[in-house]
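I have placed the structure first, in the form of structure tokens, so that the comments after it can refer back to it.
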Amino acid sequence: METYQIIAGWPEGSPPVPPSVRRVGRNESIPFSLDNTDCAMFLRDWKNGAEVLDADGAPLAYSVEAATELGLIEAEVLNPDGTPAPYVAPETP
Amino acid sequence: MAINRNLSILAQGASSTGNLLNYTGANKIINGDMAIDQRNAGASVTAASNYTLDRWFAGSTVASKFTCQQNAAAVTPPVGFANYLGVTSSSAYSSAAGDIFNVQQSIEGFNFADANFGTANARAVTLSFWVRSSLTGTFAGGLRNSAANRSYVFNYTISDANTWEQKTVTIAGDTSGTWIGATNGIGATLLFDIGTGSTYAGTASAWNASNVFTSSGATKVVATNAATWYVTGVKLEIGTVATPFVPDDYGVSFQKCQRYFVKWSGTNAIVSLAYQLSSTQGYAVIKLPVSLRGAATIAYTGTPKMDFAGYSGSINGMSQAGGYGPMFDTQWIYATSTGLAAGSGVSGTLNCASDGVVTLSAEL
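Protein sequence lines correspond, in order, to chains X and Y.
Residue numbers for the first sequence, in this note's numbering: 21 to 113.
Residue numbers for the second sequence, in this note's numbering: 100 to 463.
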């Protein structure tokens, strides 16, 4: 399996540069978007134990929280009793 | 004769109304005549789950067991074609049960939704292709949904070694399962098996509720050192009749491929205009030839450069800028570089210099 490394974003830029990921050894930037095949493969590999390094080179183990933080898993919205909350469209004026 | 939107009359050669029966169905496969090879420009590629010719993916769970090359060994293509995709086995490999070796193309949902798969209105599709192999016997392939839990396995027979043969397979529409419909995801994947193991063997000529794309006993190209398997004229169309393969105009075919992969290369080729931010940073806004399918992976090899006011900086990092939502017809690139003068606000170019290659991939 590939080794991946997170590329740090640059949020203060105009426009900002979001974080992305690359396969170590390649000059590339894979966006954190699940309609990108490379990103979907990264998430699959990460779940399957591939080595992933953060932007500083430290190992980053897979967890739902870590994947959610990268925008790869949509946080589930729960009701106060823990049941999934239905989507409610915003009111229009 | 009923003419629907899947049929177009071929006026060429029509000398009487009788020739109006020369119709052709729309092809769901892009680059089915294997004319476009942006990534490799005809060079051989060792299969390791990577793209070969445009839109064609070499599926391989074990590296280096076969190579793919446009017009491998330079045999004469079948009449009416100028190119083919050639697979050559690199060894005599005995596939394990879970090994995968195939050549495949995923069809975008927008281009397959009219098959109505997964509904009561599912329509039959017909696959036709030209194939040539140094081996003879029964070969297999499959058509699969995006979740890889609905698969149709088909067999075809190659009777004569090293001879082009045209094959036709009609596949009943799948009324079951989940097919994603009109989205930019995978509508269906067509797979040609060249040596996959038994884990992925299913019942031929039937829909299987599993991820299968070969059949028990199918010929394994990777099992014979230097064996060849060549294919071209791949067409998947709605209906039960295989109509003639009519190649797209080259420019049309090229643009269809560019929805999934765009490449800049060539000495001093300009990727886009650029804007200097500092002595180490710049932006480039790339106007794309066609709208990409989705979010793209940007990559480069060699040393592309940013040139500003007489200074030429070697790029050492490139990623996509954001903040403006999806930009599938324009890509805002952020690049880091060495060799620039101090300053900002200077306009220049992002270019390939002597050996740089820049690519955007929005493949399925």
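Here a beta-carbon is modelled for each residue, glycine too, at the ideal position from N, C-alpha and C.
Keep in mind that this is a model prediction, so the values were computed, not measured.
Counting only beta-carbon separations shorter than 8 Å, does ASN68/X have a partner in chain Y?
no
Taking buried to mean at least 16 other C-beta atoms within 10 Å of its own C-beta, is ARG46/X buried or exposed?
exposed
Taking the CB atoms as reference points, tell me whether PRO388/Y and GLN357/Y lie closer together than 8 Å.
yes
I need the boundaries of the alpha helix (DSSP H) containing GLY208/Y, first residue and last residue.
208-211
Could you check whether the Cβ of GLN419/Y sits closer than 8 Å to any Cβ belonging to chain X?
yes
Can you say whether TYR329/Y is buried or exposed, counting buried as having 16 or more other CB atoms within 10 angstroms of its CB?
buried
At which residue ranges does the region 167-255 of chain Y contain complete beta strand (DSSP E) runs of 3 or more residues, listed in the order of the chain?
184-188, 200-207, 224-232, 236-243
Do you know offhand how far LEU109/Y's Cα is from VAL84/X's?
Here LEU109/Y scores only 43 on pLDDT, less than 50, and its place in the model should not be relied on; the value that follows carries that caveat. Computed Cα separation, rounded: 55 Å.
When burial is assigned at 16 or more other CB atoms within 10 Å of the CB, is MET100/Y buried or exposed?
Any reading at MET100/Y must be qualified, since the residue scores a pLDDT of 44, below 50, and its modelled position is unreliable; the value itself is stated next. Exposed is the call here.
Grab the span of the beta strand (DSSP E) containing ALA48/X for me, first residue to last.
Reading the sequence as shown, one finds Glu at residue 48/X and not Ala. From DSSP, the beta strand (DSSP E) with GLU48/X extends over 48-51.
Three Cβ pairs or more, each shorter than 8 Å: is that satisfied between the region 214-221 of chain Y and the region 184-197 of chain Y?
no
Please compile the residues from chain Y whose C-beta is within a distance smaller than 9 Å of the C-beta of ARG46/X.
ALA398, THR400
Under 7 Å Cβ-Cβ, which residues of chain Y neighbour THR57/X?
GLU462, LEU463
Cβ of PRO110/X less than 8 Å from any chain Y Cβ?
Residue confidence for PRO110/X is low, a pLDDT of 39 falling below 50, so the modelled location carries little weight and cannot support an answer.
Count the other CB atoms within 10 Å of the CB of GLY197/Y; is the residue buried (16 or more) or exposed (fewer)?
exposed
Using a Cβ-Cβ distance under 8 Å, would VAL116/X count as near chain Y?
Outside the shown range of chain X (21 to 113) lies residue 116/X, about which nothing can therefore be said.
Quick one: using the 10 Å Cβ neighbour count with 16 as the cut-off for buried, is GLY179/Y buried or exposed?
exposed
Would you mind sorting ALA303/Y into buried or exposed? The rule is 16 or more other CB atoms within 10 Å of its CB.
buried
Is SER227/Y near THR267/Y, with beta carbons less than 8 Å apart?
yes
Could you name the residues that DSSP lists as bridge partners for GLY42/X?
It should be noted that the sequence gives Arg, not Gly, for residue 42/X. Bridge partners of ARG42/X: GLN25/X.
Does DSSP classify LEU109/Y as helix, strand or coil?
At LEU109/Y, the pLDDT of 43 sits below 50, so the modelled position is not reliable; the number obtained from the coordinates is stated separately. In this structure, LEU109/Y counts as coil in the three-state DSSP scheme.
Nearest-angstrom Cα distance between GLN489/Y and SER413/Y?
This structure cannot settle anything about residue 489/Y, because the visible part of chain Y is limited to 100 through 463.
May I have a chain-ordered list of the beta strand (DSSP E) segments no shorter than 3 residues that lie completely inside the region 321-379 of chain Y?
327-337, 360-363, 369-375
Check each candidate in MET405/Y, THR429/Y, GLY217/Y and name the one with the smallest Cα separation from GLY286/Y.
GLY217/Y
So is MET405/Y buried or exposed if we call it buried at 16+ other beta carbons inside 10 Å?
buried
Taking three-plus beta-carbon pairs below 8 Å as touching, is the region 315-327 of chain Y in contact with the region 235-255 of chain Y?
yes
Starting from the beta carbon of GLY140/Y, find every residue of chain X whose beta carbon is closer than 7 Å, and list them in chain order.
The question names Gly, but residue 140/Y is Ala in the sequence shown. The premise fails here: ALA140/Y is roughly 20 Å from chain X at the closest Cβ pair, so nothing lies under 7 Å.
Quick one: which chain Y residues come within Cβ less than 9 Å of ILE27/X?
GLY416, SER418
When the cut-off is 8 Å and only beta carbons count, does ILE93/X lie next to chain Y?
no
Can you have a look at VAL72/X and say buried or exposed, based on whether 16 or more other CB atoms are within 10 angstroms of its CB?
buried
Quick one: using the 10 Å Cβ neighbour count with 16 as the cut-off for buried, is MET426/Y buried or exposed?
buried
DSSP state of VAL84/X mapped onto helix, strand, coil:
helix
Could you pull the DSSP bridge partners for GLN419/Y from this structure?
ILE432/Y
In chain order, what residues of the same chain lie with their CB nearer than 6 Å to the CB of MET61/X, ignoring the 5 residues before and after it?
none
Assuming MET405/Y is part of the beta strand (DSSP E), what are its boundary residues?
404-407
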